[in-house]
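In order, the protein sequences belong to chains A and B.
Heads up: the first sequence runs through residues 66 to 152, numbered per my numbering.
Heads up: the second sequence runs through residues 97 to 327, numbered per my numbering.
Ideal placement from N, C-alpha and C gives every residue a C-beta, glycine not left out.
Computed from a predicted structure; not experimentally measured.
Below is one structure, written out as structure tokens, with a few remarks after it.
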Amino acid sequence: MPGDPSDGVVVYGTTWCAQTMRVRRFLERNEIAYQFVDVEADQAAANQVRWWTGGFVSTPTIYINGQILVEPQMPELEDALVANGLV
Amino acid sequence: MEQKNRSSQLSRMPELIKQFTRLEPQIQDSPEKQALSVLHAMIQELSRGTQRGSQPGAPDITTLYKQAPSMEGPAVTECLPVGTLAPDFELPDASGRPVRLSDYRGRQVVLVFYPLDWSPGCSQQLDLYQQEIKEFEQRGAKILGISIDSIYSHGAWATVRGITFPLLSDFNPKGAVARKYHVYREDDGFSDRALYIISPDGSICYGRVSPYLHHIPDIYDLFSALETQRG
């Protein structure tokens with residue numbers, strides 16, 4: 066995925082980030098397929114997130130069909146999912 | 097016409113972002129790469145502000161924690177062992193009503209020891225549990241949050257965050273219950289971030305202290321433990 070984005074939803078986060086867990090649980094509850102990438106275990110993914118965010122490994126960073134959300138509030142995530150026809 | 101052009105330009109945005117994304121591995125680390133990344137982040141934030149609309153006036157109190165000092169550092173405590181009878185306690189909730197652990201005998205209880213109301217990690221941790229409250233209920237578990245904050249702080253914080261499960265005030269004697277559960281940080285005056293699951297018979301069947309204060313326990317591990325204990 067990093068460097069070769071395709072359509073779909075990718076959640077870049079960690080296993081101990083509460084907001085990452087909120088986003089993952091929200092997607093699962095709404096039956097939205099997504100890929101979870103642990104940025105602590107994937108250096109290339111961490112570099113990708115830094116590239117998007119001005120140098121920070123911000124979590125969660127969410128890629129939705131070519132749209133990037135950096136640490137979004139839940140309403141922002143919902144808006145993006147609606148805009149992409151996923152909700 | 098102008099509106100149409102704007103829509104047309106915005107419709108190209110996903111493809112432009114994909115192009116931008118693909119470039120990352122092709123550019124060596126350098127100040128120029130950093131500058132491009134910062135510029136992208138600035139555009140992102142401008143776009144975000146436009147989409148959500150600027151709200152002059154009072155700050156959004158629900159996101160104040162984002163500007164608060166971070167709370168980090170390794171854990172200094174260890175949980176009581178599994179199989180131990182959970183120490184009973186009585187603490188007031190945000191309305192001053194006394195709550196005893198033994199009130200919940202016969203069902204699973206998740207004790208959530210957290211450092212402080214209003215802090216970044218605790219705000220996000222309890223937001224997560226509130227979002228998942230039905231999942232806890234479906235697993236037959238009751239959540240009780242415990243910190244050294246006053247009932248007044250608990251009440252205000254719970255209202256701001258929409259927290260509906262009890263927040264208990266381990267205020268006086270300060271940290272007495274956290275001490276009973278071996279999770280009090282004596283040098284800091286608050287508890288480590290720790291979870292216990294108390295089984296229906298009142299014994300400890302799960303205990304975890306987060307390795308770092310800013311690490312929130314994995315919710316998937318917690319759900320798995322609740323399901324295992326429930327059988």
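T158(B) classed as buried or exposed, judged by whether at least 16 other C-beta atoms fall within 10 angstroms: Within a 10 Å sphere around the beta-carbon of T158(B) sit fewer than 16 other beta-carbons, which makes this residue exposed.
Rounded separation between A190(B) and C82(A) - CA only: The straight-line gap from Cα to Cα measures roughly 27 Å.
Simplified DSSP assignment, three categories, for G68(A): Low confidence applies to G68(A): its pLDDT is 42, below 50, so where it sits in the model is not reliable, and the reading given next is rough at best. In this structure, G68(A) counts as coil in the three-state DSSP scheme.
Three-way DSSP call (helix, strand, coil) for G78(A) in this model: strand
Anticipated Cβ contact below 8 Å, D266(B) with L187(B), distance rounded: 6 Å
Close-in-space but distant-in-sequence residues of the same chain around Q221(B) (CB under 7 Å, 5 per side omitted): These residues qualify, in order along the chain: Y210, I312.
Neighbourhood of A164(B) by C-beta distance below 8 Å, restricted to the same chain and skipping five residues each side: W214, S215, P216
Buried/exposed call for T118(A), threshold 16 Cβ in 10 Å: buried
Distance CB(G131(A))-CB(P121(B)) smaller than 7 Å: Taking 7 Å as the Cβ cut-off, G131(A) and P121(B) do not qualify as a contacting pair.
Any 3 or more C-beta pairs closer than 8 Å across the stretch 273 to 291 of chain B and the stretch 226 to 244 of chain B: yes
Residues in the stretch 284 to 315 of chain B having any Cβ partner in chain A nearer than 9 Å: Result list: S306, P307, Y308, H310, H311, I312, P313, D314, I315.
Endpoints, alpha helix (DSSP H) assigned at G217(B): Where G217(B) is concerned, the enclosing alpha helix (DSSP H) stretches over 216 to 227.
Secondary structure of R108(B), DSSP reduced to three states: coil
Per-residue contacts from N95(A) into chain B (C-beta, under 9 Å): None at all; the shortest Cβ gap to chain B is about 12 Å.
Which of helix, strand or coil DSSP assigns to I113(B): helix
Contact with chain B by V147(A), beta-carbon distance below 7 Å: no
Nearest neighbour of F116(B), chosen from G78(A), R89(A), R115(A), Q84(A) [CA to CA]: Checked all of G78(A), R89(A), R115(A), Q84(A); the closest Cα to F116(B) is R115(A).
Burial state of Y292(B), where buried means 16 or more other Cβ atoms lie within 10 Å: buried
Beta-ladder partner(s) of R196(B), from DSSP: E186(B)
Proximity of I247(B) and V206(B) at Cβ, strictly below 7 Å: Result no, Cβ atoms of I247(B) and V206(B) do not sit closer than 7 Å.
Through-space distance from A110(A) to L146(A), alpha-carbon basis: 22 Å
Residues that DSSP places opposite P170(B) in a beta bridge: Y308(B)
Sequence-distant residues of its chain with Cβ nearer than 7 Å to G202(B) (five each side left out): P296
DSSP beta-bridge partners of S360(B): It is not possible to answer for residue 360(B), since the shown part of chain B is limited to 97 through 327.
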